[in-house]
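Chains as they are written, first to last, in the numbering used here: chain A, 17 to 256; chain B, 17 to 256.
All C-beta atoms in this analysis are idealised placements derived from N, C-alpha and C, irrespective of residue type, glycine included.
Protein chains: 2
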Amino acid sequence: MTALALHERIRTDFEGRILSGALQPGARIPVEHELMQLYGCSRMTVSKALSALSSAGLIERNKRAGSVVARPKVHSMILDVPDLPVEVAARGQAYRFQLLSRKVRPPVRGRPDEIALAGAGQLLELRGLHFADTLPLALEDRLVSLAAVPQMGDADLAVDPPGSWLLRAVPWTEAETKIAAVNCDAKTARLLQITPGAACLSVDRSTWRAHERITSVRQLFVGIAYDLVARIGHYGGSVP
Amino acid sequence: MTALALHERIRTDFEGRILSGALQPGARIPVEHELMQLYGCSRMTVSKALSALSSAGLIERNKRAGSVVARPKVHSMILDVPDLPVEVAARGQAYRFQLLSRKVRPPVRGRPDEIALAGAGQLLELRGLHFADTLPLALEDRLVSLAAVPQMGDADLAVDPPGSWLLRAVPWTEAETKIAAVNCDAKTARLLQITPGAACLSVDRSTWRAHERITSVRQLFVGIAYDLVARIGHYGGSVP
DNA sequence: CGGCCAATAATGTCTATACATTATACCGGA
DNA sequence: TCCGGTATAATGTATAGACATTATTGGCCG
């Protein structure tokens, strides 16, 4: 039982040296023929390992010049935004979603974002409250394109909140999220049962599948009750 | 000039069908021998395409049972947190970092997080203000492990703020970020030149390289002046 | 001396083949 | 009917070679 395939061993070898800093950005990786001799294998095998490192962004491969360790440039982070029900449950609290209003309507003229979202069809407008135990956690205002997600018209939102429902039903390919801190206004404060002016975390998100807009949502989290936590792997490697 | 390599054409073919929804989660992908005939190529080429789709999380490959479209489960998002200098410049404003204090000290006993960060060495404690034009944008409190980043002792922080400096100097592999909304206290309000109680975006981040802690930072952004914007590709595919 | 062009060294792609591994399907016996 | 073992169909890994592509190097020629 070989613990690792050979090409994986080669890959993890260099992965380790790069991540540990032993190989600094700009350092040269041996060329394929050298690695063939080092590991006693064929060029395809070496190439597979280096291709993996390259597509992971750890090295850059140049013809004629050989491969070098890439300089860390992608300072992007994977922000895990779990389903609210799952997250609330993980904290040992009981999750509940209360639908405040539900309306099917055409996009408002003069609102280019709504028109772009609706496409040729109607919009489903939803407003609801997320509860953790009996306390309000967030207020959600959502628009869904019925042209993109016709099934949404029949969805039973008493069971799943719309976000969870969409996550499961529609594979999304792209999203834009805006996160901001705002002081809560009086009307919202009443709904969330907090003091007017208390800090709230505002999460604005629009979602696409391919080039078609699916939904846009604004969630207003009670500041003292909610943190966005992102556990991040910068690189899909071996760090647990 | 072949626009695309054959294995890339096969990959993008299925990529497109999956992302467009034409191939739903659970749908079967033709087995390698069928694809060989379809595209008139060898098995290695087909395999390369399918491996790419698999490692991108678009399909699942099972021995004996063939490959199927994966169900979208990784609802993670790539949150782009650019360098503050870059971002401020992109908004057409002048960026400036003002170092308020700089201290080298051992970890405080009774603070396990500081002890874990410091390892065997000392801590570099930094506090500073980020300005956009002449207005304060954020207050930063940072601890850096000098055991992990000894060069940091000599860094010229007048040029680069510590975050940018570290980004460029140290490849990180993992980070944990906590984002929250808080009401600003009186002392901080004076530094940021805002009203006490105004909503601020708090970004707490710890960074690792391999298993070694590098730095932890808390940035407090002026709510009305700053949004975190995340432009997201759920899958490193072809959506622009 | 400067600019262009050919040789070269590296990666990129592809083929045909071989054997390993593994989950499933099928079949026979209790 | 259920249980277990074996055949099989699929992917996983690897080889050796061929040709394509491309950036650099160095030399030739004006």
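{"Asked": "Roughly how many angstroms separate the alpha carbons of P101 of chain A and R229 of chain B, rounded to a whole number?", "Found": "32 Å"}
{"Asked": "In its own chain, which residues sit with a C-beta less than 6 Å from the C-beta of R234 of chain A, not counting the 5 before and 5 after it?", "Found": "D157, D220"}
{"Asked": "If we ignore side chains and look at the alpha-carbon of each, how far apart do A38 of chain A and E31 of chain A end up?", "Found": "10 Å"}
{"Asked": "Could you tell me the boundaries of the alpha helix (DSSP H) in which T150 of chain A lies?", "Found": "Where T150 of chain A is concerned, there is no enclosing alpha helix (DSSP H), given that its DSSP letter is neither H nor E."}
{"Asked": "By a C-beta neighbour count over all protein chains shown, 10 Å radius and 16 as the cutoff for buried, is R27 of chain A buried or exposed?", "Found": "buried"}
{"Asked": "Leaving aside the five residues before and after D170 of chain B along the sequence, list all residues of the same chain whose C-beta is less than 8 Å from its C-beta, in chain order.", "Found": "none"}
{"Asked": "Please name the residue, chosen from A:H146, A:P178, A:R80, A:A148, that lies closest to L159 of chain A on a Cα-to-Cα basis.", "Found": "A:P178"}
{"Asked": "Taking Cβ positions, are V62 of chain B and L69 of chain B nearer each other than 8 Å?", "Found": "no"}
{"Asked": "When the cut-off is 8 Å and only beta carbons count, does V255 of chain B lie next to chain A?", "Found": "With a pLDDT of only 28 at V255 of chain B, under the threshold of 50, the placement of this residue in the model should not be trusted, and no figure is reported."}
{"Asked": "V90 of chain B by DSSP, collapsed to three states: which one?", "Found": "Low confidence applies to V90 of chain B: its pLDDT is 45, below 50, so where it sits in the model is not reliable, and the reading given next is rough at best. Looking at V90 of chain B - three-state DSSP - the assignment turns out to be coil, as it is neither helix nor strand."}
{"Asked": "Ends of the beta strand (DSSP E) at R184 of chain B?", "Found": "Here R184 of chain B belongs to no beta strand (DSSP E); instead the alpha helix (DSSP H) covers 178-185."}
{"Asked": "Under 7 Å between beta-carbons, which chain A residues line up against N199 of chain B? List them in chain order, please.", "Found": "A214, A215"}
{"Asked": "Which first and last residues belong to the beta strand (DSSP E) in which K79 of chain A is found?", "Found": "Segment: none, K79 of chain A is in no beta strand (DSSP E) and carries neither H nor E."}
{"Asked": "Counting only Cβ-Cβ distances shorter than 8 Å, please list the residues of the stretch 148-175 of chain B near chain A, keeping chain order.", "Found": "none"}
{"Asked": "Measuring only between beta-carbons, confirm whether A43 of chain A sits less than 8 Å from chain B.", "Found": "no"}
{"Asked": "Kindly list the residues whose CB is nearer than 6 Å to the CB of P152 of chain B, restricted to its own chain and excluding five residues on each side of it in sequence; keep chain order.", "Found": "L145, L208, Q209"}
{"Asked": "Just the C-alpha distance for L257 of chain A and P122 of chain A, rounded to the nearest angstrom, thanks.", "Found": "No answer is possible for residue 257 of chain A: the residues shown for chain A start at 17 and end at 256."}
{"Asked": "Which same chain residues, not among the five before or five after A197 of chain A, have their C-beta less than 8 Å away from its C-beta?", "Found": "A215, C216, L217, S218, G239"}
{"Asked": "Are the C-beta atoms of A196 of chain B and some chain A residue less than 8 Å apart?", "Found": "yes"}
{"Asked": "In the DSSP assignment, the alpha helix (DSSP H) including G196 of chain B goes from what residue to what residue?", "Found": "Sequence check: residue 196 of chain B is Ala here, not Gly. No alpha helix (DSSP H) contains A196 of chain B, which is instead part of the beta strand (DSSP E) from 190-199."}
{"Asked": "Per DSSP, what are the beta-bridge partners of C216 of chain A in this structure?", "Found": "A:V198, A:V238"}
{"Asked": "Exposed or buried, T231 of chain A, counting other C-beta atoms within 10 Å across all chains shown (16 or more means buried)?", "Found": "buried"}
{"Asked": "Closer than 8 Å by C-beta to A136 of chain A: which residues in its own chain qualify, once you throw out the five before and the five after it? Chain order, please.", "Found": "A163"}
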